[in-house]
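Asker:
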Amino acid sequence: MEIDGNQSPTAADENQEKLINEEYKLWKKNSPFLYDLVLTHALEWPSLTCQWFPDVERPEGKDYYVQRLLLGTHTNDEEPNYLQVASVKLPNENFSANSQSYDEHSEEVGGYGNGKKAHVEIIQKIPHDGEVNRARYMPQNPNLLATKTRMGEVYVFDRTKHESFPKAEETCKPDLVLRGHSKEGYGLAWNPHASKEGHILSAGFDNVVCYWDITAGNQNRTTLEAYRSFTAHTASVEDVAWHGLHDSIFASVADDMRLMIWDIRNSSNDKPMHNVIAHTAEVNCVAFNPKNEWVLATGSGDKWINLWDMRNLKQKLHTMEGHQDEILSLSWSPHYETILASASSDRRINVWDVSRIGEEQTPEDAEDGPPELLFVHGGHTNKISDFSWNPSEPWVLASTAEDNILQCWQMASNIYDTEEQEIPASELEAARRFVRSDPHFLNMPVSQPTHLWLRAETKAREHRAALTPSTAKALLDAGYRITVERSSERIFADKEYEDVGCVMVPELSWRTDAPKDAYIVGLKELPENDDSPLVHQHIFFAHCFKNQGGWKELLHRFDAGNGTILDLEFLQDENGRRVAAFGYHAGFAGSALAIDVWCHQHLNGTKTYPSVEPYPNEQELIKHISSNVVEASRVAGKLPKVMVMGALGRCGRGAVDFAKAVGIPDDHIIKWDINETKGGGPFPEILEADIFVNCIYLNQKIPPFFTPDMLDGSRNLSIICDVSCDTTNPNNPIPVYSINTTFDKPTVPVETRNEKPLEVISIDHLPTLLPRESSEAFSHDLLPSMLTLHDRQNSRVWVDAEKLYQEKLAAARA
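Next comes the structure, spelled out in structure tokens:
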């Protein structure tokens with residue numbers, strides 16, 4: 001629902017509440033036609049977890065059976081939390097529901113003899129530290145219960161050792177505490193195989209999957225450290241799942257948008273068997289099909305469910321669309337191979353039949369959703385917390401939500417069993433009315449693919465690319481459209497892009513041929529000697545947001561054409577850290593050239609340092625300069641001392657790593673950062689080093705690192721590499737040069753009264769010394785943000801980038 005921008009948050013909340021109430025009334029009205037069973041029970045506190053136990057009790061002579069549910073509490077922190085077991089009475093299958101069996105007061109469909117209704121009763125409460133994020137029983141022994149805590153630890157309780165109802169003052173006393181996480185999480189999975197009894201996985205917001213075997217070692221212990229920790233994910237791990245047919249295989253999914261498949265028989269903790277970008281947003285859940293060894297499903301914040309085949313994870317099998325908010329959990333039916341259920345923040349649980357994918361539909365049927373969407377459970381008024389298929393009764397599910405409600409429900413049999421029964425016309429139409437009236441099925445968006453246009457770079461000797469063939473493939477797989485301009489300079493051959501499915505066009509054709517809604521993607525500045533208006537949205541390093549030379553003129557061109565700059569330099573995550581940067585390779589290459597120039601000075605005297613060509617890889621660069629260091633140090637009688645300013649940042653780490661790689665010992669590498677420079681310059685210590693590599697990028701003016709007159713005195717310094725090379729930046733802390741250098745002429749001399757030579761390297765695209773590796777690293781880091789571009793208005797990275805552009809544009813207009 002769109003909210004009027006002039007409405008107050010209170011008014012918007014009221015409108016949302018009214019909408020939810022109307023939806024709920026509609027659901028209640030149609031429940032008798034949609035369900036064979038609905039049990040609604042208000043819990044004292046919301047439960048974030050829900051799981052049917054496997055046992056069933058069928059009292060003789062009764063028309064009901066009894067099952068148990070595993071629940072938890074999420075209190076207001078003033079009240080104690082509990083791990084809970086509930087008893088649920090449900091009507092036997094010979095009960096037949098109809099519109100007369102709906103109880104308006106209890107909001108239930110179904111019941112059992114003598115006017116009684118289905119019943120929920122809490123039969124055990126075990127004290128718990130904080131809310132129960134997730135609880136699961138061990139399949140081989142359902143009396144052993146594992147819980148995810150808000151502290152990160154996993155608790156294991158033997159429920160037979162705990163009273164049914166604890167005393168008021170009783171505290172949490174888990175029988176075993178599993179340690180290994182530093183943050184909380186939700187993913188929790190016992191291995192279901194008899195051969196792996198007691199093996200359990202846990203997913204954490206610390207980016208780690210922990211693995212324990214509680215049967216190993218001393219059985220009297222009260223704590224157990226993780227047997228293994230899997231660390232390949234780069235963001236919060238949301239879920240884990242064991243394979244139902246292979247006891248050593250499991251899957252993990254995370255906020256890094258990745259699905260990883262692991263085999264515990266492999267010794268590596270950071271290299272999974274398979275590692276694929278599964279969605280365009282964080283991946284919240286994963287589920288293996290228990291009856292098909294190849295199929296699994298993933299659900300994501302992009303609102304989609306993707307189906308995968310383990311034999312070919314390079315491409316998803318199918319995407320199912322039907323939810324209007326992020327997917328929170330998935331579970332395959334334990335009874336039917338093709339039935340999958342999904343829960344979402346949109347307050348819905350959808351039941352899918354994947355065997356119906358691709359079936360022909362009438363226009364009327366298509367209005368109800370895709371053919372595989374079998375049923376929509378709309379009985380909750382808040383975000384779904386968890387749900388569980390009944391292991392004993394097909395088609396019966398239990399679900400909990402943040403509205404404190406527990407529901408046990410079963411869709412009407414004529415919905416899934418259409419071959420055996422003719423659906424009464426009145427009931428079919430009632431179901432259609434509900435689905436069509438549900439706002440989640442009105443005006444479902446038909447999304448147009450986001451169009452990215454990779455332009456050819458025009459800067460001399462620029463061989464890098466913002467999008468590589470591998471990241472282009474990932475974007476194409478996610479539904480993006482990609483056009484690539486041909487380029488003889490780019491390190492990646494045109495055919496590499498063609499082979500992954502990109503459309504190839506002539507160089508610089510974006511100016512005349514690119515659709516207005518395309519994003520023009522590049523790295524370096526736009527072609528010079530052009531003052532035409534810019535109508536597109538450009539993603540590149542604009543170099544105009546820090547008042548560099550020509551900044552107003554460039555912004556005026558965008559203003560005239562109503563275009564936009566989304567500056568790569570200022571794409572930042574929620575912590576203010578750049579989402580992608582060439583910093584590491586800039587420092588690596590800058591350090592390489594600086595050290596090589598020092599070698600050249602000692603081996604060739606006053607001869608000008610020659611032009612430089614890109615290297616195919618890091619190993620070749622290191623090999624070449626290492627040999628020069630050996631020869632030059634023999635002539636100089638020493639190894640050079642290298643000072644790196646900003647040594648703790650990405651750029652600084654690259655500079656330090658290269659120096660070490662060519663044999664410069666650690667005591668010859670002077671690493672300065674904030675602590676060493678907080679008093680402000682100038683810093684005479686810089687002059688004591690042979691080589692100075694500046695890896696600091698400044699947005700505000702500070703005292704210079706050294707002044708021109710300081711260079712006239714005694715010094716060892718003979719080469720400066722200014723990786724930032726912002727010669728037009730008024731905040732440049734190295735005020736001894738004023739021009740950028742190039743790969744054709746890498747150095748410029750600094751005139752001093754000292755006979756000792758001093759040269760400056762100020763190449764503004766240093767990473768192109770290693771174009772393939774630096775492009776791959778940058779593009780890989782940029783990919784998660786590019787995958788959110790389709791939903792730009794809801795992506796913080798892009799919202800903030802456009803806001804910054806508007807601020808700079810206003811300054812240029814002033």
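Residue numbering for the sequence shown follows full-length UniProt numbering, starting at 1 and increasing by one per position.
Here a beta-carbon is modelled for each residue, glycine too, at the ideal position from N, C-alpha and C.
How many Å lie between Asn284 and Ser236 at the Cα?
Answerer: Taking the first residue of the sequence shown as position 1, residue 284 is located at position 284. Taking the first residue of the sequence shown as position 1, residue 236 is located at position 236. Between Asn284 and Ser236, the C-alpha separation is close to 10 Å.
Asker: Of the choices Asn266, Ala281, Arg265, Thr338, whose alpha-carbon is the least far from that of Leu296?
Answerer: Sequence index remark: in the sequence shown, residue 296 carries index 296 (1-based). Taking only the C-alpha atoms, the option nearest Leu296 is Thr338.
Asker: Which residue marks the beginning of the beta strand (DSSP E) containing Leu373, and which one marks its end?
Answerer: Taking the sequence shown and counting its residues from 1, the one referred to as residue 373 is at position 373. Its beta strand (DSSP E) spans residues 373-377.
Asker: Cα-Cα, which of Ala518, Asp513, Phe540 is closest to Gln526?
Answerer: Counting from 1 along the sequence shown, the entry for residue 526 is found at position 526. The sequence shown places Leu at residue 526, rather than the Gln named in the question. Checked all of Ala518, Asp513, Phe540; the closest Cα to Leu526 is Phe540.
Asker: With C-beta atoms as the reference, is Glu184 less than 9 Å away from Arg150?
Answerer: The sequence position of residue 184 within the sequence shown is 184, counting from 1. The sequence position of residue 150 within the sequence shown is 150, counting from 1. Contact: yes.
Asker: Cβ of Asp559 within 9 Å of Cβ of Leu809?
Answerer: Position 559 of the sequence shown, counted from the start, is the residue given in the question as residue 559. Position 809 of the sequence shown, counted from the start, is the residue given in the question as residue 809. It is a contact, given that the beta carbons lie within the stated cut-off.
Asker: Can you check which of these residues, Gln619, His246, Leu621, Pro735, is closest to Arg265 by C-alpha distance?
Answerer: Locating residue 265 in the sequence shown gives position 265, where the first residue counts as 1. For Arg265, the nearest C-alpha among the options comes from His246.
Asker: Whole angstroms are fine: how far does the CA of Gly563 sit from the CA of Ala632?
Answerer: Working through the sequence shown from its first residue, we reach residue 632 at position 632. Working through the sequence shown from its first residue, we reach residue 563 at position 563. Spanning the two alpha carbons is a distance of roughly 52 Å.
Asker: Thinking just about the alpha-carbon of each residue, which of Leu313, Leu330, Ser345, His318 is nearest to the one in Gln324?
Answerer: Position 324 of the sequence shown holds residue 324. Minimum Cα distance to Gln324 is reached at Ser345.
Asker: Could you tell me which residues DSSP pairs with Pro749 in its beta bridges?
Answerer: Walking along the sequence shown from the start, residue 749 turns up at place 749. According to DSSP, Pro749 bridges with Glu759.
Asker: Which term fits Met504, buried or exposed, when burial requires 16 or more other beta carbons within 10 angstroms of its beta carbon?
Answerer: Your numbering for residue 504 matches position 504 in the sequence shown. So Met504 ends up on the exposed side.
Asker: Check each candidate in Ala812, Arg58, Val38, Lys148 and name the one with the smallest Cα separation from Gly549.
Answerer: Against the sequence shown, residue 549 aligns to sequence position 549. Of the candidates Ala812, Arg58, Val38, Lys148, the one whose C-alpha sits nearest the C-alpha of Gly549 is Ala812.
Asker: For Trp395, is the classification buried or exposed, using 16 other Cβ atoms within 10 angstroms of its Cβ as the cut-off for buried?
Answerer: Taking the first residue of the sequence shown as position 1, residue 395 is located at position 395. Under this definition Trp395 is a buried residue.
Asker: Of all the options Ala474, Leu782, Pro391, Phe288, which has the alpha carbon lying nearest to the alpha carbon of residue 835?
Answerer: No information on residue 835 is available, as it lies outside the stretch 1 to 814 that the chain covers here.
Asker: For Asp567 and Phe545, which I take to be in contact (beta-carbon distance under 8 Å), what is that distance rounded to the nearest angstrom?
Answerer: By 1-based counting over the sequence shown, the position of residue 567 is 567. By 1-based counting over the sequence shown, the position of residue 545 is 545. About 6 Å; that satisfies the 8 Å criterion.
Asker: Using CA coordinates, which residue listed in Pro272, Glu78, Pro767, Asn141 is at the minimum distance from Ile491?
Answerer: For the purposes of this step, residue 491 is identified with residue 491 of the sequence shown, where counting begins at 1. Ranking Pro272, Glu78, Pro767, Asn141 by Cα distance to Ile491 puts Pro767 first.
Asker: In angstroms with no decimal places, state the Cα-to-Cα distance between Thr512 and Thr298.
Answerer: Here residue 512 is taken as the residue at index 512 of the sequence shown, counted from 1. Here residue 298 is taken as the residue at index 298 of the sequence shown, counted from 1. Spanning the two alpha carbons is a distance of roughly 41 Å.
Asker: Whole-angstrom Cβ separation of Val579 and Ser785, contact assumed at under 8 Å?
Answerer: As a first step, residue 579 must be located in the sequence shown, where it is residue number 579. As a first step, residue 785 must be located in the sequence shown, where it is residue number 785. 5 Å between Cβ atoms; contact.
Asker: Give me the residue from Asn92, Asn547, Ala689, Asn754 with the minimum Cα distance to Gln700.
Answerer: Sequence index remark: in the sequence shown, residue 700 carries index 700 (1-based). The residue with the shortest Cα to Cα distance from Gln700 is Asn547.
Asker: With respect to the alpha helix (DSSP H) encompassing Glu498, which residues constitute its N-terminal and C-terminal limits?
Answerer: As a working note, residue 498 is residue 498 in the sequence shown. Segment 494-500, the alpha helix (DSSP H) holding Glu498.
Asker: Can you tell me whether Leu717 is buried or exposed? The criterion is at least 16 other CB atoms within 10 Å of its CB, across all chains shown.
Answerer: In the sequence shown, the residue the question calls residue 717 occupies position 717. With 16 or more other Cβ atoms within 10 Å, it is buried.
Asker: Am I right that Glu238 and Asp255 are in contact with their C-beta atoms under 8 Å? What's the rounded C-beta distance?
Answerer: Reading the sequence shown from its first residue, position 238 is the one you call residue 238. Reading the sequence shown from its first residue, position 255 is the one you call residue 255. Right, the Cβ-Cβ distance comes to about 7 Å (below 8 Å), so this counts as a contact.
Asker: Can you have a look at Gly605 and say buried or exposed, based on whether 16 or more other CB atoms are within 10 angstroms of its CB?
Answerer: Indexing the sequence shown from 1 puts residue 605 at position 605. Exposed: under 16 other Cβ atoms inside 10 Å.
Asker: Quick one: give me the first and last residue of the alpha helix (DSSP H) that Ala654 is part of.
Answerer: On the sequence shown, position 654 is the one that residue 654 refers to. With the sequence shown as reference, residue 654 is identified as Gly, and Ala is not the correct amino acid for it. Run containing Gly654: 650-661, per the alpha helix (DSSP H) assignment.
Asker: Taking the C-alpha atoms as reference points, what is the distance between His181 and Glu225?
Answerer: Taking the sequence shown and counting its residues from 1, the one referred to as residue 181 is at position 181. Taking the sequence shown and counting its residues from 1, the one referred to as residue 225 is at position 225. Computed Cα separation, rounded: 10 Å.
Asker: What are the uninterrupted segments assigned as beta strand (DSSP E) that are 3 or more residues long and contained completely in the stretch 338-384, given in chain order?
Answerer: The qualifying runs are 339-344, 349-353, 373-377.
Asker: Do Cys721 and Ile691 count as a contact pair if the criterion is CB distance below 9 Å?
Answerer: Looking up residue 691 in the sequence shown gives position 691. Looking up residue 721 in the sequence shown gives position 721. Yes, they are a contact pair.
Asker: By the 10 Å Cβ neighbour count, where 16 or more other Cβ atoms means buried, how is Lys125 classified, buried or exposed?
Answerer: Residue 125 sits at position 125 when you count from the first residue of the sequence shown. That one is buried.
Asker: Give the DSSP-derived three-state secondary structure of Asn284 in the structure shown.
Answerer: Taking the first residue of the sequence shown as position 1, residue 284 is located at position 284. Looking at Asn284 - three-state DSSP - the assignment turns out to be strand.
Asker: Which partner residues of Pro91 appear in the DSSP bridge assignment?
Answerer: Indexing the sequence shown from 1 puts residue 91 at position 91. Paired residues: Tyr64.
Asker: Thinking C-alpha only, which one of Ala636, Ala460, Val630 is nearest Glu613?
Answerer: Counted from its first residue, the sequence shown places residue 613 at position 613. For the residues Ala636, Ala460, Val630, the minimum Cα distance to Glu613 belongs to Ala460.
Asker: Looking only at C-alpha atoms, which of Ile482, Phe743, Tyr480 sits nearest to Thr608?
Answerer: Looking up residue 608 in the sequence shown gives position 608. Of the listed residues, the one whose Cα sits closest to Thr608 is Phe743.
Asker: Apply the 10 Å Cβ neighbour rule to Asn76 and answer buried if 16 or more other Cβ atoms are within range, or exposed otherwise.
Answerer: Translated into positions along the sequence shown, residue 76 becomes position 76. By the 10 Å Cβ count, Asn76 comes out exposed.
Asker: For Ala625, count neighbouring Cβ atoms within 10 angstroms of its own Cβ and tell me buried if that reaches 16, exposed if not.
Answerer: Translated into the one-based positions of the sequence shown, residue 625 becomes position 625. Reading off the sequence shown, one finds Ile at residue 625, where the question assumed Ala. That one is buried.
Asker: Which same chain residues, not among the five before or five after Thr538, have their C-beta less than 6 Å away from its C-beta?
Answerer: To locate residue 538, count along the sequence shown from 1; it is residue 538. Position check: residue 538 holds His in this sequence, whereas Thr was assumed. Correct list, in chain order: Ile520, Ile565.
Asker: Taking the C-alpha atoms as reference points, what is the distance between Leu70 and Ile122?
Answerer: Walking along the sequence shown from the start, residue 70 turns up at place 70. Walking along the sequence shown from the start, residue 122 turns up at place 122. Using only the alpha carbons, I get a separation of about 10 Å.
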